[in-house]
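Chemist:
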Amino acid sequence: MSWFYLVIAGFFEIAWAVGLKYTVGFTRLIPSIITILSYIASLIFLSLAIKNIPIGTGYAVWTGIGAIGTAILGIILFGESRELARILCIFLIITGIVGLKILAK
Numbered sequence: 002m003s004w005f006y007l008v009i010a011g012f013f014e015i016a017w018a019v020g021l022k023y024t025v026g027f028t029r030l031i032p033s034i035i036t037i038l039s040y041i042a043s044l045i046f047l048s049l050a051i052k053n054i055p056i057g058t059g060y061a062v063w064t065g066i067g068a069i070g071t072a073i074l075g076i077i078l079f080g081e082s083r084e085l086a087r088i089l090c091i092f093l094i095i096t097g098i099v100g101l102k103i104l105a106k
């Protein structure tokens, strides 16, 4: 269940990170509320996950999921660079996450 919580925390991490763009410096009410609630939910699920997952592994996977998802949504939603080197770096993060999951004790 802890890994499930960690994945959920990662999705909320993506939501609040992307949500920051839509808040326009926290000047738009609804996007700001959604962003803040996503941030709180992300931390709650992360705290549940690290009860049984080592903190180093949990935090690295949480930030990795957030980084990957945010980078992908940046490409899709905001027209950010699709340069091959950038895509390869995203795959390196994925490789690190899989490695941490495999090696987690």
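Count the sequence shown with the working numbering and you get residues 2 to 106, in order. We treat Cβ as the ideally placed atom computed from N, Cα and C, and that holds for glycine. Please read these numbers as outputs of a predicted model, since none were measured by experiment.
Please report the straight-line C-alpha distance between residue 60 and residue 87, rounded to a whole angstrom.
Modeler: 22 Å
Chemist: Can you round the beta-carbon distance between residue 104 and residue 54 to whole angstroms, since I take them to be within the 8 Å contact cut?
Modeler: The Cβ separation is near 12 Å, so there is no contact.
Chemist: What residue ranges within the region 23-51 form continuous alpha helix (DSSP H) runs of no fewer than 4 residues, ordered along the chain?
Modeler: 30-50
Chemist: Quick check on this structure: which residue in 3, 22 and 2 has the alpha carbon closest to the alpha carbon of residue 78?
Modeler: Measuring C-alpha to C-alpha distances from residue 78 to each of 3, 22 and 2 identifies 22 as the nearest.
Chemist: Could you tell me the distance, in whole angstroms, from the CA atom of residue 98 to the CA atom of residue 74?
Modeler: Cα to Cα, the separation comes out at about 19 Å.
Chemist: Does residue 54 come out as helix, strand or coil in the three-state DSSP assignment?
Modeler: coil
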